[in-house]
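Enquirer: First, the structure itself, so that you have it in front of you.
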Amino acid sequence: MRTSKHKLVETSHIILLVITNLVSCQTILE
């Protein structure tokens with residue numbers, strides 16, 4: 049349970065980073 053939750057948080061953090069990177073790329077391109 050604890051490990052599962054930690055993994056979920058890690059995944060969410062990675063997704064957040066990816067989204068931020070995509071937004072940055074969009075801003076730079078425009």
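Using the working numbering, the letters of the sequence shown correspond one by one to residues 49 to 78. The C-beta atom is built at its ideal place from N, Cα and C for all residues, glycine as well.
Could you check where the alpha helix (DSSP H) with Glu78 kicks off and where it finishes?
Expert: Taken as a continuous stretch (DSSP letters only), Glu78 belongs to no alpha helix (DSSP H), as it is neither H nor E.
Enquirer: When the Cα atoms are used, what is the spatial distance from Thr75 to Leu64?
Expert: Cα-Cα distance, rounded: 17 angstroms.
Enquirer: To the nearest angstrom, how far is the alpha carbon of Thr51 from that of Val66?
Expert: 23 angstroms
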